[in-house]
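Working notes, beginning with the structure itself.
2 protein chains.
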Amino acid sequence: MTEKNAGWVVDVSMDPPSLEDNTADADRLKKALAAELGAESVAVDLFLLKHLPYRLRDWNYACRCVVFQTCGRWQLIDVMEPQGGQLAAGIAADLGTTRVVLKLIDLETGEVLAHSAFDNPQSDVGPDILARIHYTENPGGIQELSSLITDRLNREISELCGQADVSARSVYLMAVAGNTAMTHLFMGLPSRWIIREPYIPCVNFPGAFRADDLGIGLNECARIFVFPNSGSYFGGDLISGAYYAGFHENEEISILVDVGTNAEVLLGNRDWLVACAGAAGPALEGGVSEIGMTASPGVIESVRIDPESGKFDISTIKDEPPRGICGSGMIDLAAQLFAAGMIDIRGRLVPGACGNRLKEDDGMRHLTVVFGKDSATGEDLTISQADLDSLIRSKAAMYTIIETITGYVGISFEDVSVFYVAGTFGSFIRPRSAISIGMIPDLPEQTYRPLGNSSLEGAVRLLSSRSATAEIESIRDRITYLELNVNQDFMNRFSAAKFLPHTDAAKFPSVYQAV
Amino acid sequence: MTEKNAGWVVDVSMDPPSLEDNTADADRLKKALAAELGAESVAVDLFLLKHLPYRLRDWNYACRCVVFQTCGRWQLIDVMEPQGGQLAAGIAADLGTTRVVLKLIDLETGEVLAHSAFDNPQSDVGPDILARIHYTENPGGIQELSSLITDRLNREISELCGQADVSARSVYLMAVAGNTAMTHLFMGLPSRWIIREPYIPCVNFPGAFRADDLGIGLNECARIFVFPNSGSYFGGDLISGAYYAGFHENEEISILVDVGTNAEVLLGNRDWLVACAGAAGPALEGGVSEIGMTASPGVIESVRIDPESGKFDISTIKDEPPRGICGSGMIDLAAQLFAAGMIDIRGRLVPGACGNRLKEDDGMRHLTVVFGKDSATGEDLTISQADLDSLIRSKAAMYTIIETITGYVGISFEDVSVFYVAGTFGSFIRPRSAISIGMIPDLPEQTYRPLGNSSLEGAVRLLSSRSATAEIESIRDRITYLELNVNQDFMNRFSAAKFLPHTDAAKFPSVYQAV
């Protein structure tokens, strides 16, 4: 996977010192390394200096060097035996608000040696970013939240290394991708201004820190790279995703969309990038209705309604009896309800078309998606009119963000060659359904490409490529952030998008062809 | 003394963040600072990041920044209130083999706030470099020697700060100049190869470390700069001296000579530099004879012999009764003995001219410098023929080194506009006497200029100038080190220089005029 010497481990050999060339050991190595890397200079920690002279002599002035670079500054992290089998490992981390995922990588081959995932222990303090940042405003709160995640990471890293029979001392690099709030809390940085206008993080380019400084137990000279962010609402997880999707390489214009409570969108190519983020509402995360939940076994992921019989054909994850519905399931359901005429262009339930599935409860209409006899709980699984309204606001927000950002740049949807959809949502969403309700533009289905956990995979890719940090920093540098909170255009477009699929039917020709 | 903003403390002010400019606090400051410094990037420790957002807001995005640079890498060390009276201090250290001298400086004004000096505690382990390096080869020896000096430095720094009523937390920078062995032992680096052919240090450009990494208690983000060396025998003390003497500025050619057990010589100007070092023998350090000692009260610093009466006119330091003789006193004595005909051209005592001052002991001739009745001890103070032989070897070595280095470059002594003599030796030496015995070239007396503790003063100067490290590094980079151990030319010249003043009388016209 990794080309020899294209990664962070570099073979170097030097002429041994002589009376005619009395350059010191460290400077001799740094010079050879700088030439190999095309670097101006290379820094070395004191800890490594203490070992260097013995090792260089033992190995006759040849060695494999583990290096790292950030903000143009090269660091020599360790030297290893030239032909030895000593492993140089790295850890990629996706530091999610809810879930944290780790992969242990061989830095030389790119091979994944082990992986693990766990719930972010900060959830005990607060389920979301807002609650956690408020918590940091208590005395000692920042330190407490930071320790929660670092202590847990240390335990998980120790297990991860154990799985692959690797010593934590062999881990030289860690790459952490997360949203701006999560990375700030990980680093123990003040984050209270992230959530207050004008929404200013403590740092955009954290760069790399010694693992020790962050309280993480790896090699003594290991570096932990924290992905840069483009502001409070466009974090390192998205920059990592953009890197994984290849935004630094592609000449063609792409869009990357990550959907959660916020929808973040990146548009551009290797020459220019525009980003924006907006509240999409909880509907697309599965947090909307009583039966909404995130993807897991028994959760409804797709719905098919026979237009003749009105029969519901439900699929669940792992085919277990249905117990709830996730964001992509909701989109499928809404698309099918609309196609079957069971909801109208405003998303309102149509009594005549819903038949015995419609009931009224507390003065609000509900639709039974699964009858009690077929559900995991024995109860009816229903969605309310309010759930549908919420979904429509979310889909309208999503579409409007995409429309606003392309409009801002002055391109049409047809200029977009690939439309990446990140995250779990991206893996489950059916583009056809999302188009049907006017959530995403009416483009050929093959334009849409799920990216999976692109935040994690960008971090994995970083560990295998010596040019990664420079590419990631240049992605970050080229991003123009479009602030939607001050965008009047956005509000106008949003109103027009709150219909199924849209007030302007011409924007969704394929939907009307199908209907 | 320091021009506003020309030192390591820099005023910066920024536009406060807004929705239109959501750059993070740290990046906003780094950007403003980089512009002010003409730097490509500026790094910040995690510790400081944790405080930055509060301070920038308290001070409305204006502050005084303490910065440092080494190897082209800029570091932000701390931010202080924009108009506040908060002190930013630095410590200059001359880390001598025998003696350590410290000065506490106000980084903004250059004012010396306090100073102190103490014997290098490593002397308990071994008096000289050789003994100490041998000691490091015992298990734990490196750590032991390093702790000896760092523990003592911590105590002395605490006292130094106490003297000036300054908190050690206000010390942001420390500059340490010392010979290659002393700086290696301070940093705890392997030094065994410094004294073994081909004499290779662990590092030439240590750069700057966090004070914590070196075990020194200063500000949390303080940096300790260790002067670079040009090899095992041309250390950071001399580079510091060269910087103090202004070798990076002068168009005219200068020589810098530092005399101890080794004689180190630097020749050149702002465009080129050649260095060499050679064993000068202990004679010039006062370690040669029974009565030899380093400069202190009661030590003979000058001798005048009346050519008619043969009467000795002796001056001692602080005019106390004589108890020994230092290197410069020995040179004075030899010059006067030669002028009075009491030693011959080979430096041998001439019985007929020495009268009752000559005696024979254990088959060797001795000359009484001070009779018992006049000495501090009540005993005769004598020097032996062996002492004189040793002095002559030392002066021959010194002269030959200077002759070899100018010869190597292809210039004559007359091309040298200033001849700097560093150290205590430089402060006490009488150029006329040194010329008389052929130790230094026969140049006009005003060409010779004592530099004092140039190692310390170079470190002091560094603390006051933001361009210092770049200038020091460029001095180091331009030095070509001439290895005398492999120089046949040296051995030939050395034989010819073992006469008073020289076999070639034409080289010392002023001596023969005077005689």
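Residue numbers (the numbering used here), protein chains in the order written: chain A, 1 to 515; chain B, 1001 to 1515. In this text, a Cβ means the ideal position worked out from N, Cα and C, and glycines have one as well. If you're wondering where the values come from, they're calculated on a predicted model, not measured in any experiment.
What residues from chain B crowd round residue i, counting only those whose CB sits closer than 9 angstroms?
i	result
A:Met187	Leu1046, Leu1049, Lys1050
In this structure, how does DSSP classify residue i when only helix, strand and coil are distinguished?
i	result
B:Leu1463	helix
B:Gly1372	helix
B:Val1515	Confidence in B:Val1515 is poor, its pLDDT being 47 and thus under 50, which makes the residue's placement too unreliable to answer from.
B:Ala1175	strand
A:Trp193	helix
B:Arg1099	strand
A:Gly162	helix
A:Ser427	helix
A:Glu301	strand
A:Phe419	strand
A:Asp119	strand
B:Ser1454	helix
B:Phe1227	coil
B:Val1125	coil
A:Cys276	strand
A:Pro296	The identity of residue 296 of chain A in the sequence shown is Ser, whereas the question assumes Pro. Residue state, collapsed to three classes: coil.
B:Gln1086	coil
B:Ala1497	coil
A:Met364	strand
B:Ser1170	helix
B:Ser1433	helix
Given that residue i touches chain A, what residues does it touch there, using C-beta distances under 7 angstroms?
i	result
B:Pro1198	Pro17, Ser18, Leu19, Asn22
B:Asp1213	Leu46
B:Glu1156	Near B:Glu1156 there are no residues of chain A at all, since even the closest Cβ is about 22 angstroms away, more than 7 angstroms.
B:Trp1193	Pro53
B:Asn1201	It is worth fixing the name first, because residue 1201 of chain B is Pro in this sequence and not Asn. Correct list: Ala24.
What do you get for residue i, buried or exposed, if any count of 16 or more other CB atoms within 10 angstroms of its CB means buried?
i	result
B:Ser1170	buried
B:Ser1384	buried
B:Tyr1399	buried
B:Thr1002	Note that B:Thr1002 has pLDDT 41, beneath the 50 cutoff, so the model's placement of it is unreliable and the number below is only indicative. Under this definition B:Thr1002 is a buried residue.
A:Trp272	exposed
A:Ser495	exposed
B:Met1182	buried
A:Ser158	exposed
B:Tyr1512	exposed
B:Ala1505	exposed
B:Gly1236	buried
A:Leu19	exposed
A:Val515	Per-residue confidence for A:Val515 stands at a pLDDT of 47, beneath the threshold of 50, marking its modelled position as unreliable; no derived number is given.
A:Lys311	exposed
Rounded to the nearest angstrom, how far is the Cβ of residue i from that of residue j, given a contact under 8 angstroms?
i	j	result
B:Thr1406	B:Asp1489	That pair is no contact at about 12 angstroms.
B:Ser1433	B:Ile1331	5 angstroms
A:Ser254	A:Tyr420	6 angstroms
A:Lys395	A:Met439	4 angstroms
A:Phe227	A:Ile472	7 angstroms
A:Phe205	A:Cys71	7 angstroms
Can you name the start and end residues of the beta strand (DSSP E) that residue i belongs to?
i	result
B:Asn1262	1262-1268
A:Ile360	Note on identity: in this sequence residue 360 of chain A is Glu, with Ile being the wrong assignment. Start and end: 358-361.
B:Ala1340	Note, B:Ala1340: premise wrong, no beta strand (DSSP E); not H, not E.
A:Ile255	253-259
What in chain B is Cβ-close to residue i, meaning under 7 angstroms?
i	result
A:Asn204	Thr1023, Ala1024, Asp1027
A:Tyr481	Asn1022
A:Gly231	Asn1022
Which chain A residues sit within Cβ distance under 9 angstroms of residue i?
i	result
B:Gly1072	Glu40, Ser41
B:Met1190	Looking at the sequence shown, residue 1190 of chain B is not Met but Pro. Those within 9 angstroms of B:Pro1190 in chain A are Asp25, Leu49, Lys50, His51, Leu52, Pro53, Tyr54.
So which residues of chain B does residue i contact, with C-beta pairs closer than 8 angstroms?
i	result
A:Phe209	Leu1046
What span of residues does the alpha helix (DSSP H) with residue i cover, start to end?
i	result
B:Met1080	From DSSP, B:Met1080 is part of no alpha helix (DSSP H) but of the beta strand (DSSP E) over 1073-1080.
A:Leu46	46-49
A:Ile401	385-409
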